[in-house]
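Just so you know, we're using the numbering used here here: the sequence shown kicks off at 1440 and counts up by one.
Heads up, the beta-carbon is just placed ideally off N, CA and C, and yes, glycines get one too.
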Amino acid sequence: MSDLRAVYAQKALNQVPRLLSNLDRNPFSPTYGCFHRDYWLDKTSDFPDAVRQFAVQALALVYRHEFPGNIYYRQPKIRDWAIAGLDYWTRIQHSDGSFDEFYPFERGWVGPTAFTTFTSVEAYNLLADELPDDVAIRVRLAVHRAAHFIAAGESEEDHLANHHAMACLAVWKAHRLLGDQSLLDGYRRLWNGFLTYHRDEGWAREYDGVDPGYLSATVSFLAKIYQDDPAPELLEVMRKSVEFSSYFAYPNGFYGGSMGSRNTLHFYAHGYEVMGRALPLAAAVAEKMLQGLAEDKLVPPDIISDRYVVYRVPEFLQAYLDYTPRPADLPPLPYEHEPFRRYFPGARVYVATLPDRYVLANLAKGGVVKVFDCTTGRLLLNDCGLLGELEDGQVVTSQWVDPTYTAQADERGWSVTGTLNAVPSNKLFTPLKNILFRSALVALGWTRNSRIC
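Next up, the structure:
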């Protein structure tokens, strides 16, 4: 078995120049440390997207660790720019502890606030002995405010399990940094909230159903908590999640995709590397996906947009650091098993390994199907359902997670019946609509600020 560990580092390091090009590196600029280039340079955005500050973790990692081929290791400028990014994060926080992502005064719960709180704590820990005292104080205060905002719970009806897992992670890390007992209590409340999205079959709700890509994100976020606190309840949730996700590690080296509620192809590798010793199947999935990454079959950072690449770079760097050496006897993945059929009634997902064939169908999504040749790994059939236009111009599809579909499965196969769903129209902003929208945001933002203060 070849050691592909360095692929993680290579895929991440080649995107550090992009992160740096998105960063305002001018210490005399009022936006020094801002990673949102559209805001500070292009002036096409009227507010800074806090999520872009997630990149501080990547800079802190490449500064602190000697990855293979890492030209940024111990470079003072990288350290200074990471510190500037941390400090800028504290400056764009609202007084209630929240941050904005998609629009001004959004005050997002997990997207901008929990994600960046986690990454800021990680960067703080990596740089702690080199942080100026005033910056360290500002970061700790910002983490305190943000963590209490997150611990108060969602106000967005966020039906995304990975977001609830990240809320747990951010508050857990803040508790570890600050030693605040009330944050530990908040973490426990958030954990109980997350469990309402987790199913015994091993999947977790992403909007309307199963999404393998974001399930791997959930595993990654929970594994980061497990590194600090190897609690049995965490291990059991991840054991089930790893097993369910293993069905979507395909013979051809790809993962997830149209089988999921969100069509995601990405795979978060770090959690599987972390759990590889405790859960050998996690190591088997990680190895298959690492082979796919080496063959450009997974989603690498270099083809991801600027607003999402900030997540992927540190994810791969951490996967390299916590890589699990592969034993010679890794457990087989589902497609490598002797012939079997399995139906997950909660997820409404059907899986079968036949002689030389691997078959998957998501009945909850109208019967999306994939069929692989187990010997060659070749994808033989990729049927994503029906998409068409009616006489009145309405676009309809069967590729829709619909609880009214009637699904049946047994040892002979499966069937699903239902009606086609209308595809929502794509509404776009006009200059007038955008002016009205922004005016409302500013008015509501000022009103809320006055209440908070």
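For this session: Quick one: residues in its chain with C-beta nearer than 8 Å to the C-beta of V1455, no 5 flanking neighbours on either side, listed in chain order?
Result: A1497, L1498, V1501, Y1511 and V1752
For this session: Count the other CB atoms, across all protein chains shown, that sit within 10 Å of the CB of T1815; report buried if there are 16 or more and exposed otherwise.
Result: exposed
Exercise. Taking H1533 as the reference, which of A1521, R1546 and L1525 has the closest Cα?
Worked result: R1546
For this session: Whole angstroms is fine: what's the gap from F1577's alpha carbon to F1660's?
Result: This sequence places Arg at residue 1577; Phe is not what is there. Using only the alpha carbons, I get a separation of about 25 Å.
Exercise. Going by beta carbon distance, what residues of the same chain come within less than 7 Å of L1566, once the five residues before and after it are set aside?
Worked result: A1499, R1518, A1521 and I1522
Problem set entry | Whole runs of the beta strand (DSSP E) within the stretch 1738-1786, excluding any shorter than 3 residues | 1779-1783
For this session: Give me the Cα-Cα distance between G1592 and W1548, rounded to the nearest whole angstrom.
Result: 8 Å
Exercise. When every heavy atom of the ligand FAD is checked, does at least one fall within less than 8 Å of the C-beta of A1499?
Worked result: The ligand FAD is not part of the structure shown, which contains no ligands of any sort.
Exercise. Quick one: complete beta strand (DSSP E) runs, 3+ long, within the stretch 1801-1837?
Worked result: 1807-1812, 1818-1822, 1826-1828 and 1834-1836
Problem set entry | Supposed close pair M1728, V1681 - CB separation, criterion 8 Å | About 12 Å; that fails the 8 Å criterion.
For this session: Take D1535 as the anchor and find which of R1503, V1490, D1481 and A1581 has the nearest alpha-carbon.
Result: A1581
Problem set entry | Within 9 Å, strictly: CB atoms of A1722 and L1769 | yes
Exercise. In three-state DSSP terms, what is S1878?
Worked result: helix
Exercise. Is the stretch 1595-1610 touching the stretch 1619-1631 in the sense that three or more CB pairs, one from each, lie closer than 8 Å?
Worked result: yes
Exercise. G1641 to P1784, Cα distance in whole Å?
Worked result: 12 Å
Exercise. Closest to E1645 by CA distance: which of M1698, E1726 and D1573 is it?
Worked result: M1698
Problem set entry | Between the CA atoms of G1710 and L1883 - distance to the nearest angstrom | 40 Å
Exercise. Can you list, in chain order, the residues of its chain whose CB lies under 8 Å from that of W1479, leaving out five sequence neighbours each side?
Worked result: D1463, S1468, T1470, C1473 and P1487
Exercise. Is it buried or exposed for F1868, if we count other Cβ within 10 angstroms and need 16 for buried?
Worked result: exposed
Exercise. Do S1837 and G1824 come within 9 Å of each other at the CB atom, strictly closer than that value?
Worked result: yes
Exercise. For Q1847, which three-state DSSP category applies?
Worked result: strand
Exercise. So does the stretch 1648-1660 actually touch the stretch 1688-1708, counting three or more Cβ pairs closer than 8 Å?
Worked result: yes
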